[in-house]
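The sequence shown begins at 1 in UniProt numbering and counts up by one.
All residues carry an ideal CB built from backbone N, CA and C; glycine is no exception.
Just so we're clear, the structure is a prediction, and the values are computed from it rather than from any experiment.
One structure is given here, and the rest of the page talks about it.
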Amino acid sequence: MAIGLSEEHEALRESVSGWAERNIPSEVVRAALAAEREERPAFWSGLADQGLLGLHIPEEYGGSGYGLLETAVAVEALGERVAPGPYVPTVLAGAVILASDGKAHAELLPGLADGTLTGAVALESALTGTRGEDGALTVGGTAEYVLGAALADVLVLPVATGEGEAWVAVDASAATVTPVASLDLTRSVAKVELDGATVPAGRILDGLSGSAVRDLAVILLGAEAAGLASWCVTAAAEYAKVRVQFGRPIGQFQGVKHKASRMLIALEQARATVWDAARAAADGGDEAAYAAAIAGVTAPDAAVHCAKDAVQIFGGIGYTYEHDVHLYYRRALTLRALLGASSEWAEKVAGLALGGVTRELEIELPEESAALRETIRAELAEIAKLEGMEQKRALAEAGYVMPHLPRPWGRDAKPLEQVLIFQELKAARIRLPQMIIGAWVVPSIATYGTPEQQQRFLPRTLSGELMWCQLFSEPGAGSDLASLQMRAERVEGGWKLNGQKIWTSVAHFAEWGICIARTSNEGSKHEGITYFLVDMKTPGVTVRPLTEMTGENLFNEVFFDDVFVPDDLVVGEVGQGWKVTRNTLSNERVSMGSGSGGTGASVPDLLGLVGRLGRELTAAERQEIAAVVCEAHSIAALGLRVTLKQLSGAEPGADASVRKLLSTSHTQHVSECAAGLLGAAASVAADMKLGDPGVWNRAVLASRAMTIYGGTTEVQLNIIAERMLGLPRDPEPGK
1 MAIGLSEEHE ALRESVSGWA ERNIPSEVVR AALAAEREER PAFWSGLADQ GLLGLHIPEE
61 YGGSGYGLLE TAVAVEALGE RVAPGPYVPT VLAGAVILAS DGKAHAELLP GLADGTLTGA
121 VALESALTGT RGEDGALTVG GTAEYVLGAA LADVLVLPVA TGEGEAWVAV DASAATVTPV
181 ASLDLTRSVA KVELDGATVP AGRILDGLSG SAVRDLAVIL LGAEAAGLAS WCVTAAAEYA
241 KVRVQFGRPI GQFQGVKHKA SRMLIALEQA RATVWDAARA AADGGDEAAY AAAIAGVTAP
301 DAAVHCAKDA VQIFGGIGYT YEHDVHLYYR RALTLRALLG ASSEWAEKVA GLALGGVTRE
361 LEIELPEESA ALRETIRAEL AEIAKLEGME QKRALAEAGY VMPHLPRPWG RDAKPLEQVL
421 IFQELKAARI RLPQMIIGAW VVPSIATYGT PEQQQRFLPR TLSGELMWCQ LFSEPGAGSD
481 LASLQMRAER VEGGWKLNGQ KIWTSVAHFA EWGICIARTS NEGSKHEGIT YFLVDMKTPG
541 VTVRPLTEMT GENLFNEVFF DDVFVPDDLV VGEVGQGWKV TRNTLSNERV SMGSGSGGTG
601 ASVPDLLGLV GRLGRELTAA ERQEIAAVVC EAHSIAALGL RVTLKQLSGA EPGADASVRK
661 LLSTSHTQHV SECAAGLLGA AASVAADMKL GDPGVWNRAV LASRAMTIYG GTTEVQLNII
721 AERMLGLPRD PEPGK
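So this is what it looks like as structure tokens:
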């Protein structure tokens, strides 16, 4: 999935990608490397003809009148081709001039939109200026390392004056521009020198600040970074499918799979954060700065990470000059160098977050949703008048507990209605019943259960009255559930179950359990499995609590000794229980990836702890806080992107899988950061009664489970590699 989500953005991306494939093949890129001097590429006029130079420029100045997000979509697509030439510097110059007070708009924006002018922006300089009586500036000094300056007609530069920083737009003919030997072989940087140049008042770009310009730069250069990362992920995965070593494709080795999956995760985080920064830019203010700073931490590092790991996957050929991957690595390194180290952006994130700035990622719903919202609001207002179990039963009966399910258990709600229900429940301060494991049980019984099973179990489960446990894992079958050994033998009227289950949450007080057992050894290991509903009070069921590292007892061992389960408690067909199991597991992993997992470790909690420390943070501590803030924001942005895709009727793509995986380790990172801040106080026992140290130590211990249960992180990385990147599946044991 690319930066843009809407149908219009996807169409724009496809158009730009198709045009670039025809006009910027590898041969064109290689020709730019071999040229003695940098020139406007032959495809420059084509960019203008396609309208790609002025996507963000208003129609009155010859542009298309869209916005920064549309430009980011195009920049990402061209970044995948590591396009040479001044495209990105020019659109950045246009964005910066457009953000100024307007004096230079009519003079410069039309030329930047139609390609008759090229531009470049210096993000920092040693230029100084003196203002004359007529308002003009006399400028002298140097700006080093200006991207695209060698081909620019217009230079946008920061100037230090007695009144503070000013930004100016200078004709390149008034400057001495000297190309330097650039790390990026396809697009140069240059040194710009001015010696007493006069900048008239009409070319002084009032209304700009250095931080605002850098925020614009991080959005557009961050979009290009995402494009670079995208090519690296795709190219490396395709190579890993066909490169054979030790008798099999290298993509079948877990080391390569996990590296490729981590690359995809970094890419999707970059896309999500740049996307949100582009959305926020239109509104300005602290939220826009916050979103841009997070993109500044995330996107350039993602490009470098993906490029260097692509080199590793390509191996020896990737290290050669003949392979294109080094061009992507060079450009990624250049972008990060020009934007500034991620530690600088992280310091900005920390400062804003600790100062109380955050960003609520809210969904803008269509106007036609108003009538449906009023209906939901009115129904919930009546339910809100009820109390206790009466209210919970009313919520279940009305389908509000799991609204996506078909009626009568849900409301058959499409994504839009689900969002509205969530918003209105929150507004009405109505808490849904706590179903725990039941939330994973209900969809499976609703899909595969008999009408009698549905009527017997679903109403009380949806209201939170019936407590369930999940009897899946065994001592020898953890993430590999299909290798289970528990036997179910046919007897008169039903089945007798024998064996052991482990890691069974809340089994010591659950009334019922969902259990899978092997009823046949014929066929593959996924065949011959049957899905049972087990009354936990049945003779022969023995539950032994396991003490976790927290000292608590949530998990259990459960032993089955000739436990009788009648035929009417088999869900689905005998021997076809794996289908039902997969339905349960998919709902389990959605739930696990959607919150803190009960550890209480969230970014707001962490920031609250900082406020109670009563001391200044070290630079290293601020960096660590910024890291978890950026991770939390990327997870939220990915979640919003998933929802928006579902609202449009499309499949979420990689966003959903990446978000789930990041969510499982996020609370670990938050709690570990908090423990580090506590210092010696973190040596106290992990006890909720001890205040901050105890709470956070419990979170440190408890959160270790989150990357294990529901499928370990390593298994999830395999799934991402195989399902999202198409890498070959692991070989069967012994093969």
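- Taken through DSSP and simplified to helix, strand or coil, residue 142 comes out as strand.
- Only residues of its own chain outside the window of five on either side were considered, and among them none has a CB closer than 7 Å to the CB of residue 691.
- Under the three-state reduction of DSSP, residue 578 is assigned to helix.
- A direct Cα-Cα distance of roughly 10 Å separates residue 16 from residue 9.
- For residue 123, no alpha helix (DSSP H) run applies, since DSSP gives it neither H nor E.
- Under the three-state reduction of DSSP output, residue 437 falls in the coil class, being neither helix nor strand.
- By the 16-neighbour rule on beta-carbons within 10 angstroms, residue 481 is buried.
- In the structure shown, residue 608 adopts helical secondary structure according to DSSP, grouped into three states.
- Boundaries around residue 234 are those of the alpha helix (DSSP H), 210 to 242, since no beta strand (DSSP E) includes it.
- The residue among 539, 537, 471 with its C-alpha nearest the C-alpha of residue 518 is 471.
- Assignment of residue 47 by DSSP, reduced to helix, strand and coil, places it in the helix class.
- Following the DSSP letters along the chain, one finds residue 714 in no beta strand (DSSP E) but inside the alpha helix (DSSP H) bounded by residues 713 to 719.
- DSSP, read as helix, strand or coil, puts residue 457 in helix.
- Excluding the 5 residues flanking it on each side, residue 295 has same chain C-beta neighbours closer than 6 Å at 218, 222, 273, 274, 277, in chain order.
- About 14 Å separates the Cβ atoms of residue 313 and residue 229, ruling out a contact at the 8 Å cut-off.
- By alpha-carbon distance to residue 98, the top candidate from 127, 207, 182 is 207.
- Rounded to the nearest angstrom, the gap between the Cα atoms of residue 3 and residue 13 is 9 Å.
- Residue range 325 to 339 is occupied by the alpha helix (DSSP H) that includes residue 334.
- Contact between residue 584 and residue 440 is confirmed by a C-beta separation of about 5 Å, below the 8 Å threshold.
- Residues 314, 317 of the same chain have their beta carbon placed closer than 8 Å to that of residue 323, with the five preceding and five following residues left out of the count.
- Each of 284, 169, 572, 542 was checked against the Cα of residue 533, and the nearest Cα belongs to 572.
- For residue 470, the enclosing beta strand (DSSP E) begins and ends at 468 to 471.
- Annotation: residue 728 to residue 368 spans about 45 Å, alpha carbon to alpha carbon.
- The secondary-structure analysis by DSSP pairs residue 160 across a beta bridge with 128, 165.
- Around the C-beta of residue 332, 16 or more other C-beta atoms lie within 10 Å, and the residue is accordingly described as buried.
- Secondary structure within the segment 59 to 131: the beta strand (DSSP E) runs of 3 or more consecutive residues, fully enclosed, are 119 to 121, 128 to 131 (chain order).
- The distance from the Cβ of residue 152 to that of residue 169 is about 11 Å, inconsistent with a contact at the 8 Å cut-off.
- Taking C-beta atoms under 8 Å as the contact rule, residue 411 and residue 403 qualify, at a distance of about 4 Å.
- In this structure, DSSP gives residue 697 a helical state, which the three-state scheme calls helix.
- Nearest in C-alpha terms to residue 134, of all of 550, 202, 624, is 202.
- Rounded to the nearest whole angstrom, the C-alpha separation of residue 474 and residue 516 is 10 Å.
- In the DSSP secondary-structure assignment, residue 498 is bridged to 487.
- Straight-line measurement puts the Cα of residue 672 at about 21 Å from the Cα of residue 352.
- Residues 249, 250, 251, 256, 260, 313, 727 of the same chain have their beta carbon placed closer than 7 Å to that of residue 240, with the five preceding and five following residues left out of the count.
- Residue 485 counts as exposed, since fewer than 16 other C-beta atoms from the protein chains shown sit within 10 angstroms of its C-beta.
- Per DSSP, the unbroken alpha helix (DSSP H) holding residue 286 starts and ends at 285 to 314.
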